[in-house]
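Counting in this note's numbering, the sequence shown runs from 1010 upward without gaps.
Working notes, structure below.
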Amino acid sequence: MLLWVTMIILFAFLPVPYSMVMLERQVSAWATFNFSYVARSTWAGDHAISPYIKLAVIASEDQRFPDHHGFDFDAISDALSQSSKKGHSSRGASTLTQQTVKNLFLWDGRSWVRKGLETLLTPGVELIWSKSRILTVYLNIAEFGPGIFGVEAASQHFFHKSAKNLTAAEAALLAAVLPNPHRLRADKPSAYVRGRQQWILHQMQLLGGSEFLRKNNLTDK
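This is the structure in structure tokens:
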């Protein structure tokens, strides 16, 4: 636990060189003799990230991000209600903070142990990091495709440009694959991905566009 606390403090201002999920993916590839797989990322500071992708992931993943303290209890209640109606587990209600904690400090997959650790670490991140910092770290370690971690690597791979130059449509397309970047593809988007892209673009407008980021101190721009 002391190691995690130290990392939370250090990464409040230092660039994140690697995440536990990146390490997990790399080790899994080596374990199956897939030596061509390389988990890669390039750190991009807040000023080097397009406001469109910040807005897109909030619109897609966590629209109450500026207001909650790490847990969205309304979303959790909705998810539990949907699960009970369907009789099986539905997509979770993890906030951007929870996803950041999972990707950075823990491992992928569902287990009560991982969820318990995530629940313990999330308040610490919310306490020490600003919301802007959480968003920046999230965008630098999120997985956008096999071996593609972080928005800078994704921007270069899919659009051959820097993350700061992403358009609204490109940002929405990247956000559209986040639920499952191994099945959903930004380079060959299915009708489902295109539909999510359009829905995200609409939600970005409903949130208020770039003014939403400024109002909630989520950008340096």
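Virtual Cβ for every residue (Gly too), placed ideally from N, Cα, C.
- Within 10 angstroms of the beta-carbon of lysine 1224 lie fewer than 16 other beta-carbons, which makes it exposed.
- Closest in C-alpha terms to alanine 1048, from the list Ile1058, Pro1026, Leu1130, His1078, comes Pro1026.
- Here DSSP, grouped into helix, strand and coil, assigns isoleucine 1157 to strand.
- Taking the Cα of asparagine 1189 as reference, the smallest distance to any Cα among Gly1118, Glu1179, Ile1018 is reached at Gly1118.
- Per DSSP, the continuous alpha helix (DSSP H) segment holding asparagine 1149 begins and ends at 1140–1150.
- Counting every other CB atom within 10 Å of its CB across the protein chains shown gives valine 1122 a total below 16, marking it as exposed.
- For glutamate 1127, the CB contacts under 7 Å within the same chain, skipping 5 residues up- and downstream, are Gln1107, Val1110, Lys1111, Leu1115 in chain order.
- For the pair glycine 1159 and threonine 1051, the CB atoms are nearer than the 9 Å cut-off.
- Bounds of the alpha helix (DSSP H) holding serine 1069 are 1060–1070.
- Spanning the alpha carbons of isoleucine 1157 and arginine 1203 requires a straight line of approximately 20 Å.
- Taking the C-beta atoms as reference points, alanine 1068 is found no nearer than 9 Å to aspartate 1087.
- For methionine 1029, same chain residues with a beta-carbon under 8 Å away, outside a window of 5 residues either side, are Asn1112, Leu1113, Phe1114, Leu1115, Trp1116 in chain order.
- Ranked by Cα distance from aspartate 1071, the options Ser1219, Asn1226, Ile1209 are led by Ile1209.
- Residue pairing by DSSP places arginine 1119 opposite no residue, since no beta bridge is assigned to it.
- Just so you know, the alpha carbons of alanine 1162 and aspartate 1076 end up roughly 29 Å apart.
- A contact between stretches requires three or more CB pairs, one per stretch, nearer than 8 Å, and the region 1056–1064 meets this requirement with the region 1163–1173.
- With fewer than 16 neighbouring CB atoms inside 10 Å of its own CB, aspartate 1083 falls in the exposed class.
- If you check the CB distance, alanine 1195 and leucine 1183 come in under 9 Å.
- In the three-state reduction of the DSSP assignment, arginine 1049 falls in the strand class.
- In this structure, Val1066 is the residue among Leu1222, Thr1104, Val1066 with its C-alpha nearest to the C-alpha of glutamate 1179.
- Boundaries cannot be given for lysine 1197, as no alpha helix (DSSP H) includes it and DSSP labels it neither H nor E.
- Counting along the chain, no alpha helix (DSSP H) covers leucine 1187, and no H or E run does either.
- Phenylalanine 1114: member of the alpha helix (DSSP H) spanning 1105–1114, first to last residue.
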